[in-house]
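**Q** Right, I'll just put the structure down here and ask away after.
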Amino acid sequence: MSQIIIKDAVKKYGNTTVISGLNLNIRNGELFTLLGPSGCGKTTLLRMIAGFNSIEGGDFYFNDTRINDKDPSKRNIGMVFQNYAIFPHMTVRENVAFGLKNRKLDKATIQRETDRFLAMMQIDQYADRLPENLSGGQQQRVALARALVIRPDVLLMDEPLSNLDAKLRLEMRQAIRNIQKEVGITTVYVTHDQEEAMSISDTIAVMKSGTIQHLGTPRDIYQRPSNLFVATFIGRTNILPGVIKGGTLIFPSGYTVDFPAWTSIPDQKVQVSVRPEEFMIGPAGGPGIPGTVVDSIYLGLNTHYIVDVGLEHKVELIQESEIDNRVVPGSHISLTVKREKINLFKEQGDVNLLRGEPV
Amino acid sequence: MKNNNRFRLDTWGIITLITLAIYLLFMVYPLGNLIKMAFYGDNGFTLDNFIKFFSKRYYSSTLINSFKVSLAATATSLLVGVPMAYFFAMYRIKGKGLLRILIIISSMSAPFVGAYAWILLLGRNGAITNFVEGLLGISVPDIYGFNGMLLVFTSQLFSLIFLYVAGALSKVDNSLLEASENMGCIGVRRFFKIVLPLITPTVLAGALLVFIRALSDFGTPMLMGEGYRTFPVILYTEFVGEVSQNKGFASAIAVVAILITTAVFFAQNFVSKRKSFSMNSLHPIEAKPLHGIMSVLIHLFCYVVVGIAMLPQIYVIYTSFKKTSGTIYVDGYSLDSYVNMFTRLGRSIQNTIIIPVIALMAVVLMAILIAYLSVRRRNILSSTVDVLSMVPYIIPGTVVGIALVTSFSRKPLAFTGTMFIMVVALIIRRLPYTIRSSVAILQQIPITIEEAALSLGSTKMKTFFKITVPMMSSGIVSGAILSWVTMISELSTAMILYTGRTQTLTVAIYTQIIRGNYGIAAAMASVLTIITIISLLIFNRFSKNGEITM
Numbered sequence: 074m075s076q077i078i079i080k081d082a083v084k085k086y087g088n089t090t091v092i093s094g095l096n097l098n099i100r101n102g103e104l105f106t107l108l109g110p111s112g113c114g115k116t117t118l119l120r121m122i123a124g125f126n127s128i129e130g131g132d133f134y135f136n137d138t139r140i141n142d143k144d145p146s147k148r149n150i151g152m153v154f155q156n157y158a159i160f161p162h163m164t165v166r167e168n169v170a171f172g173l174k175n176r177k178l179d180k181a182t183i184q185r186e187t188d189r190f191l192a193m194m195q196i197d198q199y200a201d202r203l204p205e206n207l208s209g210g211q212q213q214r215v216a217l218a219r220a221l222v223i224r225p226d227v228l229l230m231d232e233p234l235s236n237l238d239a240k241l242r243l244e245m246r247q248a249i250r251n252i253q254k255e256v257g258i259t260t261v262y263v264t265h266d267q268e269e270a271m272s273i274s275d276t277i278a279v280m281k282s283g284t285i286q287h288l289g290t291p292r293d294i295y296q297r298p299s300n301l302f303v304a305t306f307i308g309r310t311n312i313l314p315g316v317i318k319g320g321t322l323i324f325p326s327g328y329t330v331d332f333p334a335w336t337s338i339p340d341q342k343v344q345v346s347v348r349p350e351e352f353m354i355g356p357a358g359g360p361g362i363p364g365t366v367v368d369s370i371y372l373g374l375n376t377h378y379i380v381d382v383g384l385e386h387k388v389e390l391i392q393e394s395e396i397d398n399r400v401v402p403g404s405h406i407s408l409t410v411k412r413e414k415i416n417l418f419k420e421q422g423d424v425n426l427l428r429g430e431p432v
Numbered sequence: 017m018k019n020n021n022r023f024r025l026d027t028w029g030i031i032t033l034i035t036l037a038i039y040l041l042f043m044v045y046p047l048g049n050l051i052k053m054a055f056y057g058d059n060g061f062t063l064d065n066f067i068k069f070f071s072k073r074y075y076s077s078t079l080i081n082s083f084k085v086s087l088a089a090t091a092t093s094l095l096v097g098v099p100m101a102y103f104f105a106m107y108r109i110k111g112k113g114l115l116r117i118l119i120i121i122s123s124m125s126a127p128f129v130g131a132y133a134w135i136l137l138l139g140r141n142g143a144i145t146n147f148v149e150g151l152l153g154i155s156v157p158d159i160y161g162f163n164g165m166l167l168v169f170t171s172q173l174f175s176l177i178f179l180y181v182a183g184a185l186s187k188v189d190n191s192l193l194e195a196s197e198n199m200g201c202i203g204v205r206r207f208f209k210i211v212l213p214l215i216t217p218t219v220l221a222g223a224l225l226v227f228i229r230a231l232s233d234f235g236t237p238m239l240m241g242e243g244y245r246t247f248p249v250i251l252y253t254e255f256v257g258e259v260s261q262n263k264g265f266a267s268a269i270a271v272v273a274i275l276i277t278t279a280v281f282f283a284q285n286f287v288s289k290r291k292s293f294s295m296n297s298l299h300p301i302e303a304k305p306l307h308g309i310m311s312v313l314i315h316l317f318c319y320v321v322v323g324i325a326m327l328p329q330i331y332v333i334y335t336s337f338k339k340t341s342g343t344i345y346v347d348g349y350s351l352d353s354y355v356n357m358f359t360r361l362g363r364s365i366q367n368t369i370i371i372p373v374i375a376l377m378a379v380v381l382m383a384i385l386i387a388y389l390s391v392r393r394r395n396i397l398s399s400t401v402d403v404l405s406m407v408p409y410i411i412p413g414t415v416v417g418i419a420l421v422t423s424f425s426r427k428p429l430a431f432t433g434t435m436f437i438m439v440v441a442l443i444i445r446r447l448p449y450t451i452r453s454s455v456a457i458l459q460q461i462p463i464t465i466e467e468a469a470l471s472l473g474s475t476k477m478k479t480f481f482k483i484t485v486p487m488m489s490s491g492i493v494s495g496a497i498l499s500w501v502t503m504i505s506e507l508s509t510a511m512i513l514y515t516g517r518t519q520t521l522t523v524a525i526y527t528q529i530i531r532g533n534y535g536i537a538a539a540m541a542s543v544l545t546i547i548t549i550i551s552l553l554i555f556n557r558f559s560k561n562g563e564i565t566m
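Protein chains in written order, with our numbering: chain R, 74 to 432; chain G, 17 to 566.
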């Protein structure tokens, strides 16, 4: 078990710097997710921890041990790859036992530990099969058993679910979560799927262009995203222009909203992030932003509405479906917001005015 | 991998240095030596050798001759090989499996045996010539010179195009053809608009191989070229010539040969880089049944082509059982040729086994290591090894032989005349092919599998031998068998390098043909063919899809 400390990490490919001066502290036993769009540097960072990418600057520690110059084979990590990387010429049992054999353990221990993890991952009935006869989900379980059986200090997972179909993905997500808690191992998990990240993680680092945009719990990231990028990358949201004046938020339509937490915000132009579920529909002429319903999409539990509010982008909102559809396309309505939920960003979009911290 | 692009002196770094040293000693040094001899006479630097070559028609015409016959052979091989492969992919052809094996066998046979058989069939006193002239009274076109060489080259080398194109077509997705059909483009139009553009890089690669094989073939023009001299012939005669041996001049011819093949190689590379696509077919093309006149014509085409390709092999085996008296065939059949063969073989059967086996082991080991270096450990040094390893691909065997003989005839590196130098020659000549196929196999193996092993505490060498090599093994074995077959039928280098003690079967056959001992030559050639066929049958068992990488 280890905590992972990364200080001023730098990654360069030739003359292009991909990661410059990244700091990170991953707590012992937590499931830590690196989340971001493709090309954001998340896999690069994971492979630097694993030792498969060179480190051009900074220090990487597992607890007090600096690992920068350790061979991958000496770092005591378990790794699960996107394509599983099961050895095709070895049986399931040989795959799982491979790491233990490299550690020169005695035969009885190897047998016992292999059996234990085969059973834990529910693949003991396939122990003597070759991997090509296994389904994707079963291969993933072999990969996980193989990574965990060596009692690694940290477990690294690189998009482990992206090759599975939707149903299996949900099932494996739960399995990974359960095993991780059961073994209590520090885990770094890389994904581009924000829903997967939300559901599985203790802590998420949202990355973009080699920098960490937001580090926090899934709840924190969704509810109080640190900047506009995070707000739009995690979940869906509408961005509306607005002005804060004397603690009051004024929308271009003239609709004003007050909230006690806003009184300390200096007067300025802001960008307002309103998630689809943070709008409420009122009758036309009432208080709120006037708009015209352009389209409504019935999805069972919820109904999505696309509303033209006279701005560049139409806004999207979600309401719980009613038994009869009163808000048909063409309806004139006015929109109010759930003031405790919406977020206000500086005009440049880089600072969330509701977070007490500079980013 | 860590610090992938920088050279590090770890195990792989040391292996890089060793392979580099081997190439410097056994290839760069001999070729450099050859170039030096071409430019330096007794009185220092001189261009006399080149001036002599280009100013005398006797010499310079060989260049034009070689070009003409090689270009023509490339064109005819494409005209036969491409449609054949297309028919095989698109249609259900009866006996397809057998035809395929026969094509592979013909691709693997020594060209000069084909040349010799065609002389027996169509030569001045050939079986068909006599039959046709006796029966119909018309004279058969002359087999010697350009026509005969074109026939021999085409009937053998079309098979390379066929195998290349068949491999490429197996990667074309059927949905591309269906999409084309959907938009109203079918048949010949679809072939030219869709299929041909997709396989162009492969066609070009195959064409290059055919061109270089034809250009550097030594046995065929020696046997049937007669007045039509090509430059491997002039190179050989100038080098070993009994009358006037002129090593400097021979070297100059060799340099010209290298320049030409290099130019052709780069031209081909330039074109195919700009036209290459990466394809991965989920749904391979499905062969459709043929009907009516089309069925007859296509079957006729396929069977006639394969028949012509196989005819020399079969005829050689047939004549090996004919009774001979001295050097001429007489009526009746006997095993005398085989009995007599043993008195002339000397050590050639052993040599034909031992030399290729040793070379093969070295080739396989080096190819795996170099392929690994160039795929997984790309740095300046390993790229240098990669480039160097490809050089022999475009250098005629005769040139390799001359370079080695002239460079290793003095102490402390006096290898000339030893078995060692024959082994070295085979290694150098065969490595490019085996490296290419090993690279292709390695690129199919995701690097994460090796990383998984490393992360599980396996050392680099253990990962290589326990994980990488076993995953490559099926490809390596089938590649090795093909290498073996080409090694045992190699002639052009052996002709330069052999001595009485290191004579191989191909050299022995060639010698018997030259001496006119046709019966013995036929018996020996049959033995060679049988070894080839057995090897290929073993190959077919090992190879998953019968894919041939030359």
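We put the beta carbon where it would ideally sit given N, CA and C, even for glycine.
Can you tell me whether residue 140 (chain G) is helix, strand or coil according to DSSP?
**A** coil
**Q** In the DSSP assignment, find the alpha helix (DSSP H) that holds residue 515 (chain G) and state where it starts and stops.
**A** Unbroken run through residue 515 (chain G): none, as it is neither H nor E.
**Q** Give every residue of the same chain whose Cβ lies closer than 8 Å to the Cβ of residue 211 (chain G), excluding the five residues on either side of it in the sequence, and list them in chain order.
**A** 102, 185, 188 and 193
**Q** Pull up the distance between the alpha-carbon of residue 458 (chain G) and that of residue 124 (chain G), whole angstroms please.
**A** 25 Å
**Q** How long is the line joining the alpha carbons of residue 510 (chain G) and residue 467 (chain G), rounded to whole angstroms?
**A** For residue 510 (chain G) and residue 467 (chain G), the distance between alpha carbons rounds to 44 Å.
**Q** Compile a chain-ordered list of the residues in the stretch 158-185 of chain R whose CB is closer than 7 Å to at least one CB of chain G.
**A** 158, 160, 161, 162, 171, 172, 175 and 176
**Q** So residue 443 (chain G) and residue 379 (chain G) are supposed to be a Cβ contact under 8 Å. How far apart are they, rounded?
**A** 5 Å
**Q** Less than 8 Å between the CB atoms is what I'm expecting for residue 78 (chain R) and residue 134 (chain R), so what's the real figure, rounded?
**A** 4 Å
**Q** Compile a chain-ordered list of the residues in the stretch 471-502 of chain G whose CB is closer than 9 Å to at least one CB of chain R.
**A** 471, 472, 473, 474, 475, 476, 478, 479, 482, 483, 486, 487 and 489
**Q** Give, in chain order, every residue of the stretch 127-146 of chain R whose Cβ lies closer than 8 Å to some Cβ of chain G.
**A** 127, 144, 145 and 146
**Q** In the DSSP assignment, find the beta strand (DSSP E) that holds residue 262 (chain R) and state where it starts and stops.
**A** 259-264
**Q** How would you label residue 232 (chain R), buried or exposed, when you count the other beta carbons within 10 angstroms and need 16 or more for buried?
**A** buried
**Q** Among G:149, G:134 and G:153, which has the Cα closest to the Cα of residue 159 (chain G)?
**A** G:134
**Q** Could you tell me whether any Cβ in chain R is nearer than 8 Å to the Cβ of residue 584 (chain G)?
**A** Here chain G has residues from 17 to 566 only, and residue 584 (chain G) is not among them.
**Q** Any beta carbon from chain G within less than 8 Å of residue 152 (chain R)'s own beta carbon?
**A** yes
**Q** When DSSP labels each residue in this structure, what does residue 132 (chain R) get in the three-state scheme?
**A** Three-state result, residue 132 (chain R): strand.
**Q** I'd like the ranges of any alpha helix (DSSP H) spanning at least 4 consecutive residues and lying wholly in the stretch 217-280 of chain R.
**A** 239-256 and 267-273
**Q** Using DSSP with H/G/I as helix, E/B as strand and the rest coil, what is residue 555 (chain G)?
**A** helix
**Q** Give a yes or no on whether the minimum CB-CB distance between residue 105 (chain R) and chain G is below 8 Å.
**A** no
**Q** Mind checking residue 433 (chain R): buried by the 16 CB within 10 Å criterion, or exposed?
**A** Residue numbering for chain R in the displayed model covers 74 to 432; residue 433 (chain R) lies beyond these limits and cannot be assessed.
**Q** With residue 356 (chain R) as the anchor, note down where its beta strand (DSSP E) starts and where it stops.
**A** 352-356
**Q** Excluding sequence positions up to five away, which residues of its chain have a Cβ less than 7 Å from the Cβ of residue 170 (chain G)?
**A** 89, 92, 93 and 96
**Q** Can you give me the start and stop residues for the beta strand (DSSP E) that residue 313 (chain R) sits inside?
**A** Under the DSSP assignment, residue 313 (chain R) falls in the beta strand (DSSP E) whose first and last residues are 311-318.
**Q** Which residue comes first and which comes last in the alpha helix (DSSP H) that contains residue 236 (chain G)?
**A** 235-240
**Q** Would you identify the three-state DSSP class for residue 425 (chain R), choosing helix, strand or coil?
**A** strand
**Q** Identify which residue in R:377, R:282, R:185 and R:406 has its Cα closest to the Cα of residue 497 (chain R).
**A** No answer is possible for residue 497 (chain R): it lies beyond the span of chain R, which begins at 74 and ends at 432.
**Q** So which residues of chain R does residue 469 (chain G) contact, with C-beta pairs closer than 9 Å?
**A** 146, 158, 160, 171, 172 and 175
**Q** So, under 8 Å CB-CB, residue 234 (chain G) and residue 413 (chain G) are touching, yes? Tell me the CB distance rounded to an integer number of Å.
**A** 7 Å
**Q** Report the partner residues of residue 344 (chain R) according to the DSSP bridge assignment.
**A** Beta-bridge pairing links residue 344 (chain R) to R:314 and R:418.
**Q** Less than 7 Å between C-beta atoms, sequence neighbours within five positions excluded: which residues of the same chain meet that for residue 235 (chain R)?
**A** Result list for residue 235 (chain R): 155, in chain order.
**Q** According to the neighbour-count rule (16 or more other Cβ atoms, all chains shown, within 10 Å of its Cβ), is residue 286 (chain G) buried or exposed?
**A** exposed
**Q** Looking at C-alpha atoms only, which residue of R:257, R:273, R:254 and R:255 is the closest neighbour of residue 263 (chain R)?
**A** R:273
**Q** Tell me the residue span of the alpha helix (DSSP H) that contains residue 379 (chain G).
**A** 364-392
**Q** Would you decide whether residue 482 (chain G) is buried or exposed? Buried here means 16 or more other CB atoms lie within 10 Å of its CB.
**A** buried
**Q** Pick helix, strand or coil for residue 19 (chain G), following the three-state DSSP scheme.
**A** Residue placement at residue 19 (chain G) is poorly supported in this model, since its pLDDT is 45, which falls under 50; the coordinates still yield a value, given next. If DSSP states are grouped into helix, strand and coil, residue 19 (chain G) belongs with coil.
**Q** Can you give me the start and stop residues for the beta strand (DSSP E) that residue 321 (chain R) sits inside?
**A** It spans 321-323 - the beta strand (DSSP E) in which residue 321 (chain R) sits, taken as one unbroken run.
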